[in-house]
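Participant:
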Amino acid sequence: MTTNTNEIQFSKHKKNLYTGSILSFLSILFSVLFSASDATLASVWMLSNVTGFTLQRSRFCFASGFRDLFLFGSGFTLKGILTGLFISTVGFSAIMHWLVPNTGLGMLPPEAHIFPVGLSTITGGLIFGFGMVIAGGCVSGSLYRLGEGYVTSISSILGISIGMILAMMSWDWWNNNVIKYEPTLWLPQIQNIGYSWSIVITTITISALFLLVNYWESKAGIIDTNINENQNPAYTFPEKIFHYFKSIFLKSYSPILGGSILGILGILMFIVKKPIGVTGGLSHVIAIPLTKTGLISSETVSSLNELGGCTSSNESLVNSSFMMTFGVIFGSFVASIISGEFKIRTPKNKNRYLQSGLGGILMGYGATLSLGCTIGAFFSSIPSLSLSGWVFAIALGIGSFIGTKVINRLI
């Protein structure tokens with residue numbers, strides 16, 4: 041009976057598996073072509089594919105992490121985010137210690153997401169947090185949903201692009217009047233506390249927040265459910281293989297598992313090139329025509345490059361930032377094809393296009409101002425032991441809370 045059930049389930053997904061296998065082969069072929077010019081690009085592309093795959097299978101969205109806590113009292117996704125932060129912090133610290141063994145020399149680890157902290161961080165976080173709730177998803181959420189067929193993600197990404205254009209056109213004002221006066225604070229160099237105390241402070245704070253989210257859930261009456269699926273035990277070799285296939289490609293991942301995988305991927309990405317960030321590819325593509333048409337100057341792009349993070353770049357079109365952004369979309373597409381979840385989805389309420397577009401504009405502006413989105417300025421910045429990551433997170437939370445209140449009034 042079990043064998044028949046597994047055979048029926050496998051036959052149902054056989055076509056999707058074949059299509060997904062072809063797409064996976066194309067992805068590997070792309071990486072081989074990329075490696076001809078730069079081996080790093082191939083690695084970044086493949087890791088970005090896995091990132092998109094993980095985001096899709098776990099339905100991992102930072103917007104829902106904050107929104108669900110404020111709207112429903114559910115912290116399932118937020119606990120996954122905190123788990124990923126904990127794992128990344130340990131891994132990032134080891135990498136940064138290898139890059140900069142002596143924190144007392146005043147050097148910062150190359151490529152780590154350590155940004156200026158101040159009014160720009162707070163403003164960007166508030167705007168981004170509000171925008172992602174209004175749009176119904178963060179930047180990474182919009183990218184992976186685009187990969188599985190959500191048409192509203194197109195309007196969201198278009199909005200993000202418009203927001204980035206507006207931010208780049210006003211960047212010189214922000215940089216000359218605000219950002220260049222803001223300090224870049226790296227925890228190991230504050231009072232020269234070093235790596236050990238920085239790791240202790242960061243991991244204890246993350247752990248305390250994890251407990252706080254659980255307490256919040258208990259007050260809201262949210263119950264953790266753990267359903268043990270043992271209806272089709274695997275005995276034979278084919279059954280065992282199908283069990284693994286089902287667990288990886290068909291079943292949804294829990295937020296904790298999704299966050300853990302993303303944390304590990306962040307570490308691997310840092311080893312290969314730099315921490316994960318998904319807005320850099322968009323800003324890079326946008327900056328090229330803006331520079332050529334004279335809407336922004338090459339000096340503006342240079343000042344963005346100097347600050348690093350998920351910003352524009354003066355490299356060729358196909359660079360590591362480009363790979364991260366578009367690799368996520370492709371990875372999500374493969375995941376949704378294999379699982380049979382890909383479908384062109386249009387909203388019943390056409391106002392959702394406007395809502396996601398306006399939210400996207402706010403996210404694009406906020407992400408540029410903060411030098412990253414929920415991944416670059418938060419998920420990759422806190423593990424980099426940057427104070428800016430925590431300030432951005434607080435502003436992000438406040439912006440999300442305000443956005444939730446607005447959504448409540450609109451519903």
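Quick note, the sequence shown lines up with residues 41 to 451 if you use the numbering used here. C-beta: ideal position from N, C-alpha, C; glycine also.
Can you tell me whether Lys-119 is buried or exposed, with buried defined as 16 or more other CB within 10 angstroms of its CB?
Facilitator: As a first step, residue 119 is located in the sequence shown; it is residue number 79 there, counting from the start. Lys-119 comes out buried.
Participant: State the Cα-Cα distance for the pair Ile-127 and Phe-418, rounded to the nearest angstrom.
Facilitator: Along the sequence shown, one-based indexing puts residue 127 at 87. Along the sequence shown, one-based indexing puts residue 418 at 378. Their Cα atoms are separated by approximately 14 Å.
Participant: Please state whether DSSP places Met-41 in a helix, a strand or coil.
Facilitator: In the sequence shown, residue 41 corresponds to position 1, counting from 1. At Met-41 the pLDDT is 47, less than 50, meaning the model places this residue with poor confidence; the figure from the coordinates comes in the next sentence. Three-state result, Met-41: coil.
Participant: Tell me whether the beta-carbon of Gly-158 lies closer than 8 Å to the beta-carbon of Ile-378.
Facilitator: Counting from 1 along the sequence shown, the entry for residue 158 is found at position 118. Counting from 1 along the sequence shown, the entry for residue 378 is found at position 338. Against a cut-off of 8 Å, the Cβ pair of Ile-378 and Gly-158 comes out as no contact.
Participant: Out of Ser-428, Trp-430, Thr-408 and Leu-425, which has the shortest C-alpha to C-alpha gap to Ile-168?
Facilitator: Here residue 168 corresponds to residue number 128 of the sequence shown, with the count starting at 1. The sequence shown places Phe at residue 168, rather than the Ile named in the question. Ranking Ser-428, Trp-430, Thr-408 and Leu-425 by Cα distance to Phe-168 puts Thr-408 first.
Participant: Using the Cβ count rule (16 or more neighbours within 10 Å means buried), how would you classify Val-253?
Facilitator: The sequence position of residue 253 within the sequence shown is 213, counting from 1. Buried.
Participant: Just reading off the alpha helix (DSSP H) that Val-173 is part of, what are its end residues?
Facilitator: In the sequence shown, residue 173 corresponds to position 133, counting from 1. First-last of the alpha helix (DSSP H) with Val-173: 159-175.
Participant: Measuring alpha carbon to alpha carbon, tell me which of Ile-288, Ser-114, Gly-367 and Thr-129 ends up nearest Trp-263.
Facilitator: Residue 263 sits at position 223 when you count from the first residue of the sequence shown. Sequence inspection shows Ile at residue 263; the Trp mentioned does not correspond to that position. Per the Cα distances, Ser-114.
Participant: Under the rule that 16 or more other beta-carbon atoms within 10 Å means buried, what is Gly-144, buried or exposed?
Facilitator: One-based indexing of the sequence shown puts residue 144 at position 104. Result: exposed.
Participant: Is the separation between the beta-carbon of Trp-211 and that of Leu-148 shorter than 8 Å?
Facilitator: Here residue 211 refers to the residue found at position 171 when the sequence shown is read from its first residue. Here residue 148 refers to the residue found at position 108 when the sequence shown is read from its first residue. Against a cut-off of 8 Å, the Cβ pair of Leu-148 and Trp-211 comes out as no contact.
Participant: What separation, rounded to the nearest whole angstrom, lies between the Cα atoms of Met-41 and Met-363?
Facilitator: For the purposes of this step, residue 41 is taken as residue 1 along the sequence shown, with counting starting at 1. For the purposes of this step, residue 363 is taken as residue 323 along the sequence shown, with counting starting at 1. For Met-41, the predicted structure reports a pLDDT of 47, less than 50, and the residue's modelled location is therefore unreliable. The matter cannot be settled from this model.
Participant: Tell me which residues share the same chain as Gly-124 and place their Cβ nearer than 7 Å to its Cβ, disregarding the 5 neighbours each side in the sequence.
Facilitator: Position 84 of the sequence shown holds residue 124. Taken in chain order, the residues that qualify are Gly-299, Ser-300, Leu-302, Gly-303 and Phe-419.
Participant: Tell me, to the nearest whole angstrom, how far the beta carbon of Ile-442 is from that of Phe-170; I am working on the premise that it is less than 8 Å.
Facilitator: Counting from 1 along the sequence shown, the entry for residue 442 is found at position 402. Counting from 1 along the sequence shown, the entry for residue 170 is found at position 130. Confirmed, about 6 Å.
Participant: Tell me Ser-426's beta-bridge partners as DSSP assigns them.
Facilitator: One-based indexing of the sequence shown puts residue 426 at position 386. Ser-426 is bridged to Trp-226.
Participant: Using DSSP bridges, identify the partner residues of Arg-385.
Facilitator: Within the sequence shown, residue 385 is the residue found at index 345, counting from 1. Partner(s): Tyr-190.
Participant: Does the Cβ of Ile-384 have 16 or more other Cβ atoms within 10 Å, making it buried, or fewer, making it exposed?
Facilitator: On the sequence shown, position 344 is the one that residue 384 refers to. It is exposed - the Cβ of Ile-384 has fewer than 16 other Cβ atoms within 10 Å.
Participant: Output the boundary residues of the alpha helix (DSSP H) element that contains Leu-139.
Facilitator: Your numbering for residue 139 matches position 99 in the sequence shown. Its alpha helix (DSSP H) spans residues 116-139.
Participant: With distances taken between CB atoms, is the gap from Gly-203 to Gly-404 smaller than 8 Å?
Facilitator: Here residue 203 corresponds to residue number 163 of the sequence shown, with the count starting at 1. Here residue 404 corresponds to residue number 364 of the sequence shown, with the count starting at 1. Yes; because the gap between Cβ atoms is below 8 Å, this pair is in contact.
Participant: Keeping to the same chain, check which residues put their C-beta closer than 8 Å to that of Ile-200; ignore five residues upstream and five downstream.
Facilitator: Numbered from its first residue, the sequence shown carries residue 200 at position 160. Excluding residues within five positions, the ones whose Cβ falls inside 8 Å are Val-179, Ser-182, Thr-319, Leu-322, Gly-400, Ile-401, Met-403, Gly-404 and Ala-407.
Participant: I'd like the list of long-range same chain contacts for Ser-83, defined as Cβ closer than 6 Å, with 5 residues on each side in sequence excluded.
Facilitator: Indexing the sequence shown from 1 puts residue 83 at position 43. If we look at Ser-83 and ignore the five residues flanking it on each side, its Cβ neighbours are Val-312.
Participant: Which full runs of the alpha helix (DSSP H) of 4+ residues lie inside the region 288-355, going along the chain?
Facilitator: 295-312, 320-332 and 338-347
Participant: With three or more C-beta pairs closer than 8 Å as the rule, is the region 358-374 touching the region 87-95?
Facilitator: They touch, by the three-pair rule.
Participant: Taking Cβ to Cβ, would you say Ile-316 is nearer than 8 Å to Leu-357?
Facilitator: Indexing the sequence shown from 1 puts residue 316 at position 276. Indexing the sequence shown from 1 puts residue 357 at position 317. No. Outside cutoff.
Participant: Counting contacts by CB-CB distance shorter than 8 Å, is Arg-99 in contact with chain B?
Facilitator: Checking the listed chains, one finds no chain B in this structure; it contains a single protein chain.
Participant: Using 8 Å as the cut-off, can you tell me whether the region 94-101 makes contact with the region 281-293, which would need three or more C-beta pairs spanning the two stretches below that distance?
Facilitator: yes
Participant: Starting from the C-beta of Gly-439, find all residues in its chain whose C-beta is less than 7 Å away, skip the five residues before and the five after it, and write them out in chain order.
Facilitator: Reading the sequence shown from its first residue, position 399 is the one you call residue 439. So the list reads Gly-165, Leu-166, Ile-167, Phe-168, Gly-169 and Phe-170, once near-sequence residues are dropped.
Participant: On a CA-only basis, which of Phe-370, Ser-426, Ser-360 and Gly-380 is nearest Ser-77? Give me that one, please.
Facilitator: Sequence index remark: in the sequence shown, residue 77 carries index 37 (1-based). The option with the nearest alpha carbon to Ser-77 is Ser-360.
Participant: With DSSP collapsed to three states, give me the class of Gly-149.
Facilitator: The sequence position of residue 149 within the sequence shown is 109, counting from 1. Per the sequence presented here, residue 149 reads as Pro, with Gly not at that position. Pro-149: coil per DSSP, three-state reduction.
Participant: Give me the Cα-Cα distance between Ser-75 and Leu-69, rounded to the nearest whole angstrom.
Facilitator: Indexing the sequence shown from 1 puts residue 75 at position 35. Indexing the sequence shown from 1 puts residue 69 at position 29. Answer to the nearest angstrom: the Cα atoms are 10 Å apart.
Participant: Starting from Thr-91, trace the alpha helix (DSSP H) both ways and give me its first and last residue.
Facilitator: To locate residue 91, count along the sequence shown from 1; it is residue 51. Per DSSP, Thr-91 belongs to the alpha helix (DSSP H) from 79-98.
Participant: Which partner residues does Pro-156 have in the DSSP bridge list?
Facilitator: Position 116 of the sequence shown, counted from the first residue, corresponds to residue 156. The partner list for Pro-156 (beta bridge, DSSP) reads Thr-224.
Participant: Taking a contact to mean a Cβ-Cβ separation below 8 Å, would you say Leu-249 touches Leu-122 in this structure?
Facilitator: As a working note, residue 249 is residue 209 in the sequence shown. As a working note, residue 122 is residue 82 in the sequence shown. Between Leu-249 and Leu-122, the C-beta spacing is below 8 Å.
Participant: When you compare only the Cα positions, how much space is there between Ser-342 and Leu-139?
Facilitator: On the sequence shown, residue 342 is found 302 positions in, with the first residue counted as 1. On the sequence shown, residue 139 is found 99 positions in, with the first residue counted as 1. Approximately 24 Å, taken between the alpha carbons.
Participant: Could you name the residues of the same chain whose beta carbon sits closer than 8 Å to that of Val-218, not counting the 5 residues immediately before and after it, in chain order?
Facilitator: Translated into positions along the sequence shown, residue 218 becomes position 178. Taken in chain order, the residues that qualify are Gly-158, Leu-159 and Ser-160.
Participant: By the 10 Å Cβ neighbour count, where 16 or more other Cβ atoms means buried, how is Ile-239 classified, buried or exposed?
Facilitator: Taking the sequence shown and counting its residues from 1, one reaches residue 239 at position 199. Buried, since its Cβ has 16 or more Cβ neighbours within 10 Å.
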